[in-house]
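The end of the sequence shown is residue 222 by this note's numbering, with every number in the run present. Ideal Cβ positions, reconstructed from N, Cα and C, are used throughout, including at glycine. Bear in mind that the values here come from a model prediction, so they are computed numbers and not experimental data. Each remark here refers to the structure printed beneath this line.
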Amino acid sequence: MKMGLIFDLDGVLVDSAAFHFKAWQRMAESLGIAFDLEANEQLKGLSRARSMDKILSWGGLSMTGEDKARHMAEKNANYLDLVAQLTTKDTLPGAENYLREARRLGHPIALGSASKNAGFILEKVGLMDCFDAIVDGNVVTTSKPDPEVFLTAAKLLKRAPEDCVVFEDAVAGLEAAQRGGMKTIGIGDPSALYADKVVPDLAALGSVSDSLLAFNFNGQDL
Numbered sequence: 001m002k003m004g005l006i007f008d009l010d011g012v013l014v015d016s017a018a019f020h021f022k023a024w025q026r027m028a029e030s031l032g033i034a035f036d037l038e039a040n041e042q043l044k045g046l047s048r049a050r051s052m053d054k055i056l057s058w059g060g061l062s063m064t065g066e067d068k069a070r071h072m073a074e075k076n077a078n079y080l081d082l083v084a085q086l087t088t089k090d091t092l093p094g095a096e097n098y099l100r101e102a103r104r105l106g107h108p109i110a111l112g113s114a115s116k117n118a119g120f121i122l123e124k125v126g127l128m129d130c131f132d133a134i135v136d137g138n139v140v141t142t143s144k145p146d147p148e149v150f151l152t153a154a155k156l157l158k159r160a161p162e163d164c165v166v167f168e169d170a171v172a173g174l175e176a177a178q179r180g181g182m183k184t185i186g187i188g189d190p191s192a193l194y195a196d197k198v199v200p201d202l203a204a205l206g207s208v209s210d211s212l213l214a215f216n217f218n219g220q221d222l
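And the structure:
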């Protein structure tokens with residue numbers, strides 16, 4: 001039986017972080033709240049609602065649920081206008097090759113993302129056909145570092161958590177996977193991420209089988 005592979009979206013497969021930054025910055029500054037790249041980094045892996053609450057806390061503001069929903073909708077509309085520009089050329093290094101090789105080898109593959117726009121983005125970059133399951137902000141009720149998103153993905157892939165590898169670029173996401181009992185591959189800076197293995201991008205992993213050899217998966221087929 002092949003091990004399950006679960007991928008975060010932004011920062012692992014595609015880079016829409018700049019779009020999130022611009023959309024959140026526009027929303028925050030409309031409320032008189034300063035928002036820079038350092039602030040944006042603190043939102044990685046968080047749901048839209050948790051991100052909104054954090055931004056409001058930075059500005060010392062409170063807001064009704066209705067007003068928060070309106071501002072989040074405006075932010076998302078701005079974000080969607082920006083990500084509509086994505087094409088099949090906008091996947092991160094190694095992402096498409098790694099996914100398609102894993103697919104050929106028979107690994108069940110899921111997306112585990114806080115984004116509510118995951119399906120739209122995967123369609124834009126031509127990767128939707130690589131996935132057996134999509135678990136995103138429309139499916140789960142709690143955001144990372146709660147492990148719900150990854151545990152739900154493992155269940156849909158019909159794999160035990162310990163027989164899954166999660167690919168993540170965010171501290172909150174890696175914590176979620178570890179709390180769920182899964183192996184982790186961090187994508188990014190090894191000095192900033194704690195994972196079983198950390199690489200700059202999926203291209204650095206080489207072949208799918210070689211990249212998974214370091215893990216003890218109880219005789220799972222690589």
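Bridge partners - residue i, DSSP secondary structure assignment
| i | result |
| --- | --- |
| Gly4 | Cys164 |
| Thr91 | Val14 |
| Ile109 | Leu5 |
| Ala133 | Ala110 |
Minimum C-alpha distance to residue i - residue among the options
| i | options | result |
| --- | --- | --- |
| Val139 | Ser115, Cys130, Gly126 and Asp132 | Ser115 |
| Glu101 | Ala39, Leu5 and Val199 | Leu5 |
| Leu92 | Leu82, Val12, Arg104 and Leu174 | Val12 |
| Ile187 | Lys197, Thr88 and Arg179 | Lys197 |
| Ser272 | Leu31, Glu38 and Glu74 | One cannot answer for residue 272 here, as it falls past the ends of the chain, which runs 1 to 222. |
| Ala176 | Lys68, Gly112 and Thr88 | Gly112 |
| His71 | Lys89, Ser51 and Asp90 | Ser51 |
| Ala153 | Val165, Val135 and Lys144 | Val135 |
| Met1 | Ala18, Asp53 and Leu157 | Leu157 |
| Ala214 | Arg179, Val165 and Pro200 | Val165 |
| Arg104 | Asp36, Leu37, Cys130 and Asp189 | Cys130 |
| Val199 | Glu38, Ala95, Gln178 and Gly119 | Ala95 |
| Lys75 | Gly45, Glu123 and Ala49 | Ala49 |
| Gly173 | Gln42, Asp81, Asp67 and Leu205 | Gln42 |
Coil, strand or helix - residue i by DSSP
| i | result |
| --- | --- |
| Lys75 | helix |
| Lys124 | helix |
| Val198 | strand |
| Ile187 | strand |
| Ile55 | helix |
| Thr64 | coil |
| Thr152 | helix |
| Lys116 | coil |
| Gly173 | helix |
| Met40 | The sequence shown places Asn at residue 40, rather than the Met named in the question. Asn40: helix per DSSP, three-state reduction. |
CB-CB length for residue i against residue j, believed under 8 Å
| i | j | result |
| --- | --- | --- |
| Glu162 | Asp8 | Glu162 to Asp8, Cβ: 19 Å. No contact. |
| Val171 | Leu86 | 25 Å between Cβ atoms; not a contact. |
| Asn40 | Trp24 | 6 Å |
Sub-8 Å separation of residue i and residue j beta-carbons
| i | j | result |
| --- | --- | --- |
| Ala28 | Ile55 | yes |
| Gly137 | Ser47 | yes |
| Thr184 | Ala192 | no |
| Asp289 | Pro147 | Outside the displayed range of the chain (1 to 222) lies residue 289, so it cannot be described from this structure. |
| Met3 | Leu212 | yes |
| Thr88 | Val125 | yes |
| Asp98 | Val208 | The identity of residue 98 in the sequence shown is Tyr, whereas the question assumes Asp. Going by C-beta atoms, Tyr98 is nearer than 8 Å to Val208. |
| Val83 | Phe19 | yes |
Neighbour flag for residue i against chain E, beta carbons, 8 Å
| i | result |
| --- | --- |
| Leu105 | The chain inventory of the structure shown lacks chain E, comprising one protein chain alone. |
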